[in-house]
Each structure stands twice: as C-alpha cells, then as structure tokens.
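Student: Mind having a look at this structure? Questions to follow.
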Amino acid sequence: MKCRFFFLMMLFALLTASVSAQTANLLADPGFEGEAYTLISTSPVDGTTFSVPAGWWGGIALEPHYEPWMNVHPTGFPHTGGFKWSGSRSLHVARGFASFTAWVYQQVSVQPNTDVQGGAYAFIESGATAVVRVGIDPEGGTNPFVPSVVWSEWQGGLYQWNHPTVATLAGASGTVTIFLYASQGAPNNPNGVYWDEAFLNGIPGSGVIGGSGASTPAGAQFVIPNTLVNVRAGAGTTFQRIGAASPSESYIYRGEAGNWFEVDFNGRSGFISKDFASLSGTPAGGGAGVPTVDALDFTANYTLRLRAAPGGTAAELAIIQHQTVLRAIGRSADNAWLLVEYQGQTGWVAARYGRLSGNIASLAIR
Numbered sequence: 001m002k003c004r005f006f007f008l009m010m011l012f013a014l015l016t017a018s019v020s021a022q023t024a025n026l027l028a029d030p031g032f033e034g035e036a037y038t039l040i041s042t043s044p045v046d047g048t049t050f051s052v053p054a055g056w057w058g059g060i061a062l063e064p065h066y067e068p069w070m071n072v073h074p075t076g077f078p079h080t081g082g083f084k085w086s087g088s089r090s091l092h093v094a095r096g097f098a099s100f101t102a103w104v105y106q107q108v109s110v111q112p113n114t115d116v117q118g119g120a121y122a123f124i125e126s127g128a129t130a131v132v133r134v135g136i137d138p139e140g141g142t143n144p145f146v147p148s149v150v151w152s153e154w155q156g157g158l159y160q161w162n163h164p165t166v167a168t169l170a171g172a173s174g175t176v177t178i179f180l181y182a183s184q185g186a187p188n189n190p191n192g193v194y195w196d197e198a199f200l201n202g203i204p205g206s207g208v209i210g211g212s213g214a215s216t217p218a219g220a221q222f223v224i225p226n227t228l229v230n231v232r233a234g235a236g237t238t239f240q241r242i243g244a245a246s247p248s249e250s251y252i253y254r255g256e257a258g259n260w261f262e263v264d265f266n267g268r269s270g271f272i273s274k275d276f277a278s279l280s281g282t283p284a285g286g287g288a289g290v291p292t293v294d295a296l297d298f299t300a301n302y303t304l305r306l307r308a309a310p311g312g313t314a315a316e317l318a319i320i321q322h323q324t325v326l327r328a329i330g331r332s333a334d335n336a337w338l339l340v341e342y343q344g345q346t347g348w349v350a351a352r353y354g355r356l357s358g359n360i361a362s363l364a365i366r
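Numbering (my numbering), first residue to last: 1 to 366.
Okay, structure coming up:
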C-alpha cells in the first residue's frame, strides 16, 4: 500500500512539474535591456523620435489636441539612470512641458484557448494626471482601442513603481498581444514614464510572429537620411506622405525606383528621395560633389556604448550618455559606424543611434 501511495505521489509531482514547466514569460527583451532600437515615429514639427527596443513595437496618439500642450509627440529611448526596476536599462517615454499618450506592444504565439497573464513595472516621474495600464488582446491585434483588449485597472502612483497586471484567456488564433499604455491629462516637466520588467506568461505556441520588431537581416544595407525628410507611399512627390525619416536613424534598404530609395518604414514600404539620403556603402546622393571635412558633431539620441572597433561585438570602452555631443572624425565603409572622440579617447559608435551636423559621406573612411 505504501509503495502504491509513493508511486501516485511521484506521478502527481511529475505531472505538476510538466504542466508548470510549459508556462513561461513569452516576451522578447522583457526588461528592455537591448541596445538596438526600432524607430516608431518622428515628429514632422521638431524631429522628436519615439523608438522602442527590438522585439517591441509601439504607437502614439496625437489627438485630441485643442490645446498646444495636449498629446504632443513624445520621446522614447533607453534609460540607464536611476529609474530602473532591475538590470541596466528601462524604457523612458516623456514629453516635457506637455502631455503625451503612447504605448508599446508585443505579439507572441501561445497555445489557443489557454490562460495568459501580463504585467509590467512603470515608474511615473511626476504629474498628478499621469496614469498607466497594461492590456492583453487575446486575438493578437495591434490596435489598443479595439473592444477585445482586456485591461488592468489604471494606476497613477507618483514617484513610485506601479505594477499593473491583467489576466485573460487566449483566443483561437494562437496569437496574443500585450500593451503597455501611458497617458496624461495635463502638462508637466519632467513627466517621464519608465517601463521595466514586463511579462506575458503562458504556454508557448507553435507559431512564429513576424513583422514588428523583427531583427535586421544579415548583410542588410541601410538608407541613411542626411536631414529630416518625408517618406512617401510611392516613388514621387505626388504620392501620399506616410511619415518622416530622421537623420538619427537608418532604414533597411529594399530597392530603388528612379531617384527614390525603397525602404522598410515601420513594417511597410516607404520611399525616400536620393537627394536627401545615402545608401550604406555608397556616398550620399549617388556620390557626386560631397566635400570632405575633418570632423562633424554627433549627438547621441540614446545611451550608447563606445567600442574599440566598428562592430557590435567589439570591446566596450565606455558608456556615452543620451544627448552627449561628440566629435566624429571618421566613418566605416558601410556608413554604419562613426569614429568619435570621447573623454580623451577615440572609439566607434553606431551611426544610426544619433544625429550628425552634416553629411556622413563627408567624413573620411577609417
């Protein structure tokens, strides 16, 4: 009898362990630790960029806007300062002296019709009307305003970490989406929201989620704007404007049509005039008549790593803080890396994570 009881207990323990082992945090980069960021939106008014870590996607709301301070285009960038729940980075979203509404999201594959739980930590820097919440769309959509999204309660604890959580049942599609959503009802400065340690726990599905936040293909070329430039739906100025491309970012090259580069712009095809951009590995604007200079100013749009050589695996020399202005004295042959001077030493930074005071092609290849 004892043997049978022992056998049943062991079997129960094994089955329980098997079931629990199937549940995991399904998010890519849940702690926002990655260095690679994806540009979501650029303000056509002042060039402010909202970016999110690779693996995530996002959006902003610019309406209603019947006061100048209402729903102004926010910044989004990695934060390495004091507001971190854990690790070395959090995601910082802010717009000083204004209000903003912004969200980040990620789609994951789960077993259909199974339980999922989501949440995140959010530090609200200031502002009595600032609130955050977390939602899950069990159908896997990317619009936070549809009725299918199940939301947590709003939380608005100031100068502290909030922890909104939500649970629901995954739909039949096998894809669910988590949203981290922040909004404000009045202007303030500073007014940052810092997201960290998100989770979406569930049983992994067999599907592969593509599109938003996808990694850059190996050997890809990039189109690098020389200035803030319109992106259009087709190769010509008569086509609809679908956004703006910033010189602080680079865009995956898809091809060419006449005097236009075709790029991957937020997951869709966009077209940028060759008059205002260069293709990685080629001089700007086709290579004619670009005067050389000894140096340009480079402003870091994010917290960057200074590296000993042009490449993401090269030795790290220093951490460069967001908005630091550096002296760029050279570039790599593919325009992806800049040789800069920083605190008495020289090293390399990724060109796509900052903005230059002039044309990158005017710098010498080192």
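Backbone N, C-alpha and C define an ideal beta-carbon position, used for all residues, glycine too.
Since the structure is predicted, the reported quantities are computational estimates derived from the model, not experimental observations.
1. Figure out for me which residue from G96, V340, V150 and N191 has the closest Cα to the Cα of T324.
2. Given that a residue counts as buried once 16 or more other Cβ atoms are within 10 Å of its Cβ, and exposed if not, what is N189?
3. Which same chain residues, not among the five before or five after A364, have their C-beta less than 7 Å away from its C-beta?
4. Please state whether the Cβ-Cβ distance between G174 and S109 is less than 7 Å.
5. First and last residue of the beta strand (DSSP E) that includes I40?
6. Which residue's Cα is closest to the Cα of G205: I224, Q107, G234 and G344?
7. Mapping the DSSP letters down to three states, classify F276 as helix, strand or coil.
8. CB-CB under 8 Å to D29, same chain, minus the five flanking residues each way: which ones, in chain order?
9. Of the choices R327, R95 and G344, whose alpha-carbon is the least far from that of L356?
10. Run through the DSSP bridge pairs and tell me what R331 is partnered with.
11. So what's A350 in DSSP terms, helix, strand or just coil?
12. If S273 and V229 are in contact, beta carbons under 8 Å, what's the gap, nearest whole angstrom?
13. Compute the beta-carbon to beta-carbon distance between N191 and S126, rounded to the nearest angstrom, for a pair I have assumed lies under 8 Å.
14. According to DSSP, is I360 part of a helix, a strand, or is it coil?
15. Got a sec? Which residues, its chain only, sit under 7 Å from E63 by beta carbon, not counting five neighbours each side?
16. List the DSSP bridge partners of P78.
17. Quick check: S86 and E197, are their CB atoms within less than 7 Å of each other?
18. My guess is that V193 and V93 are in contact by the Cβ rule of under 8 Å, so how many angstroms apart are they, rounded?
19. To the nearest angstrom, how far is it from the Cα of F271 to the Cα of G234?
20. Which residues in the same chain have their Cβ closer than 6 Å to the Cβ of T299, if we skip the five residues on either side of it in sequence?
21. For T23, I'd like the list of residues in its chain whose CB is within less than 8 Å of its CB, leaving aside the five on either flank, ordered along the chain.
22. Alpha carbon to alpha carbon, what distance is there between L180 and G81?
23. If you draw a straight line from the alpha carbon of G210 to that of Y159, how long is it in whole angstroms?
Tutor: This is what the structure gives:
1. Here residue 324 is taken as the residue at index 324 of the sequence shown, counted from 1. Here the closest residue by C-alpha is V340.
2. Taking the first residue of the sequence shown as 1, we reach residue 189 at position 189. Its Cβ having fewer than 16 others within 10 Å, N189 is exposed.
3. For the purposes of this step, residue 364 is taken as the residue at position 364 of the sequence shown. Closer than 7 Å at the Cβ level, and outside the excluded window around A364, lie T292 and G330.
4. Residue 174 sits at position 174 when you count from the first residue of the sequence shown. Residue 109 sits at position 109 when you count from the first residue of the sequence shown. Yes; because the gap between Cβ atoms is below 7 Å, this pair is in contact.
5. Taking the first residue of the sequence shown as 1, we reach residue 40 at position 40. Counting along the chain, the beta strand (DSSP E) containing I40 begins and ends at Y37 to T42.
6. Counted from its first residue, the sequence shown places residue 205 at position 205. The shortest C-alpha separation from G205 is found at Q107.
7. For this step, residue 276 is matched to residue 276 along the sequence shown. Three-state DSSP puts F276 in a helix.
8. On the sequence shown, residue 29 is found 29 positions in, with the first residue counted as 1. Excluding sequence neighbours, D29 sits near P53, A54, G55 and W56.
9. Taking the first residue of the sequence shown as position 1, residue 356 is located at position 356. Nearest C-alpha to L356: R327.
10. Start at 1 with the first residue of the sequence shown, and residue 331 comes out as number 331. Note: R331 sits in a beta bridge opposite L338 and I365.
11. Along the sequence shown, read from residue 1 onward, the residue named residue 350 stands at position 350. A350 falls in the strand class under three-state DSSP.
12. Taking the sequence shown and counting its residues from 1, the one referred to as residue 273 is at position 273. Taking the sequence shown and counting its residues from 1, the one referred to as residue 229 is at position 229. The Cβ separation is near 7 Å, so the contact holds.
13. For the purposes of this step, residue 191 is identified with residue 191 of the sequence shown, where counting begins at 1. For the purposes of this step, residue 126 is identified with residue 126 of the sequence shown, where counting begins at 1. That pair is a contact at about 6 Å.
14. Walking along the sequence shown from the start, residue 360 turns up at place 360. Of the three classes helix, strand and coil, the one that applies to I360 here is helix, per DSSP.
15. Indexing the sequence shown from 1 puts residue 63 at position 63. Contacts found: N71.
16. Within the sequence shown, the letter at position 78 stands for residue 78. L91, per the DSSP bridge assignment.
17. Stepping through the sequence shown from its first residue, residue 86 is reached at position 86. Stepping through the sequence shown from its first residue, residue 197 is reached at position 197. Yes.
18. Indexing the sequence shown from 1 puts residue 193 at position 193. Indexing the sequence shown from 1 puts residue 93 at position 93. Correct: roughly 5 Å between the Cβ atoms.
19. Taking the sequence shown and counting its residues from 1, the one referred to as residue 271 is at position 271. Taking the sequence shown and counting its residues from 1, the one referred to as residue 234 is at position 234. When rounded, the distance between both Cα atoms is 6 Å.
20. In the sequence shown, residue 299 corresponds to position 299, counting from 1. V325, G354 and R355, listed in sequence order.
21. Counted from its first residue, the sequence shown places residue 23 at position 23. Result list for T23: N201, G202 and I203, in chain order.
22. Within the sequence shown, numbered from 1, the residue matching residue 81 stands at position 81. Within the sequence shown, numbered from 1, the residue matching residue 180 stands at position 180. Approximately 21 Å, taken between the alpha carbons.
23. Counting from 1 along the sequence shown, the entry for residue 210 is found at position 210. Counting from 1 along the sequence shown, the entry for residue 159 is found at position 159. Below a pLDDT of 50, predicted positions are generally treated as unreliable, and G210, at 42, falls in that range; the measurement from the model is reported next regardless. Roughly 36 Å between the two C-alpha positions.
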